[in-house]
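So for the sequence shown, our numbering puts the first residue at 147; every next one is plus one.
All residues carry an ideal CB built from backbone N, CA and C; glycine is no exception.
Following: one structure in C-alpha cells, then a few remarks.
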Amino acid sequence: MLNSICIVGRFVADPELRMTSTNTPVTTFTVAVDRDFVKAGEERQTDFLDVVAWRQTAEFVTKFFRKGSLIAVQGSLQVRNYEDKNGNKRKAYEIVAANVSFCGAKQSNTADRFEDAAAAAKPASFSNAEPGEFEEIEPDDDLPF
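Printed below as a string of C-alpha cells:
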C-alpha cells in the first residue's frame with residue numbers, strides 16, 4: 147500500500163507551536179494550494195489543506211514560516227473519525243508532514259529570522275596564515291598516467 151502526498155502552497159496563518167501532555171512539540175496549520183485547471187472566464191480555485199507536523203519538523207515550521215510563506219510538504223494523508231457536539235459522526239482529513247521545504251524567494255520577515263539566528267551563532271574559526279608559511283610543491287612530470 148502507498149500513502150504519500152506532496153503539496154506546495156502558502157500558509158493561511160502563522161503556525162503556533164504547542165506541546166502535548168508528554169511534552170512532544172506539535173503544530174497544525176493550513177496551506178492554500180491552487181488547482182492546476184482553470185475554466186475559461188473563471189478564477190483559479192484553491193484548496194485549503196490541513197497539515198500536522200510533529201517534533202523537530204514542528205519546531206522548524208514554527209521558527210521559519212509565517213502567514214503567506216510558500217512551503218512544500220511531503221507526507222501522508224490521515225483520516226480522523228470523531229463525533230461532533232450533536233453526536234454526528236464526522237471525518238477530518240489532514241496531511242501528516244514527514245518533510246517540509248522552503249519554496250520561492252525569502253520574504254522579509256523570514257529573512258530577519260535567519261539574520262537573528264546567524265547573529266546568535268558563533269563564527270567559524272579560521273587562520274590568517276602568511277603566504278610564506280607554506281611550502282611550494284614542485285610539479286612532478288613523472289606521473290603514471
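Could you pull out every residue in the same chain whose Cβ sits closer than 7 Å to the Cβ of R201, ignoring the five residues on either side in sequence? T170 and P171
Is Q202 helix, strand or coil by DSSP? helix
Spell out the partners DSSP gives A159 in its beta bridges. Answer by DSSP bridge pairing: none, since A159 is not bridged.
So F154 and A218 are supposed to be a Cβ contact under 8 Å. How far apart are they, rounded? Strictly speaking, residue 154 in this sequence is Val, with Phe absent from that position. That belief holds up - the Cβ atoms of V154 and A218 are roughly 5 Å apart, short of 8 Å.
Nearest-angstrom Cα separation, counted from V184 out to F206: 34 Å
Whole-number beta carbon distance between E240 and D196, since they are thought to touch under 8 Å: 4 Å
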